[in-house]
Amino acid sequence: MWSLLILLSILVPLVAPINVSAHMINQTAANISWIYPLDSNNPDDIALLGGMIKGFYVIVFAPDSIQPPIVHRNYQGTIGTQYWDIVGNLIPGTTYHAQVKAFTKKGDGKPSVAYIFTVPKEDSPAMYNVRVSAEFSNTNINDASSVLGTTRREGDLSEIHVADIYRRK
């Protein structure tokens, strides 16, 4: 009982986020995702929360660069589910470390283990385009976007085909 009261009086998150990863969106932006591993409906986990989580700091930095750290405050998601944040202003060819930590109104929790990723250079063969086609049954065609060269189709997806994969130039 006393340990629970002491724990609740700390009021900072005691558990670090897990499963941090980065997925490149383009040459200068990445989607950073993570999980905060507690269940807010479980009384034991509520005690471990050390207070109500107000959000997360997403910190992305390049240890071998003079570029200042990129820090976002993120309020997305629900405890126990996948969270994400889009981080921009990344430099192609640079290696970054991404860390996430929860915060309450009383302070910051432990940072996650760093996820290390490198932004591909502009001429990197790792950047590919994929062209696909899909077949629908019970299809209705709404061609409001034909000016853009796209067609919206609604119906039951029955097949999807990869037409080709090619390197961006």
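Mapping to the numbering used here: the sequence shown position 163 is 160, numbers consecutive. Quick reminder that beta carbons are idealized off the backbone N, C-alpha and C, glycines included. These figures come from a predicted structure and were not determined experimentally.
Which residues mark the beginning and the end of the beta strand (DSSP E) in which residue i is found?
{"i": "S62", "result": "No beta strand (DSSP E) contains S62, which DSSP labels as neither H nor E."}
{"i": "T92", "result": "92 to 101"}
{"i": "T115", "result": "112 to 115"}
{"i": "G52", "result": "52 to 58"}
{"i": "Y80", "result": "79 to 84"}
Excluding the 5 residues flanking residue i on each side, which residues of the same chain have their C-beta closer than 7 Å to its C-beta?
{"i": "A123", "result": "Here the model assigns A123 a pLDDT of 49, short of 50, so the residue's position is not dependable and the matter cannot be decided."}
{"i": "E119", "result": "Q24, P89"}
{"i": "P60", "result": "H94"}
Within its chain, find whatever has a CB closer than 6 Å to the CB of residue i; leave out the 5 residues flanking it on each side and keep chain order.
{"i": "H94", "result": "F58, A111, I113"}
Going along the chain, which residues of its own chain have a beta-carbon closer than 8 Å to the beta-carbon of residue i, five neighbours each way excluded?
{"i": "S109", "result": "A13, P14, I15, V17, W31, Q96, V97, K98"}
Going by C-alpha to C-alpha distance, which of the options sits closest to residue i?
{"i": "P89", "options": "P60, T25, V9, Q64", "result": "T25"}
{"i": "G52", "options": "I29, V84, R70", "result": "R70"}
{"i": "P34", "options": "Q79, I83, N86", "result": "Q79"}
{"i": "G106", "options": "Y54, N39, I29, H20", "result": "Y54"}
Residue i to residue j, Cα distance in whole Å?
{"i": "I63", "j": "T91", "result": "11 Å"}
{"i": "I83", "j": "A27", "result": "6 Å"}
{"i": "P66", "j": "N38", "result": "34 Å"}
{"i": "I22", "j": "P40", "result": "38 Å"}
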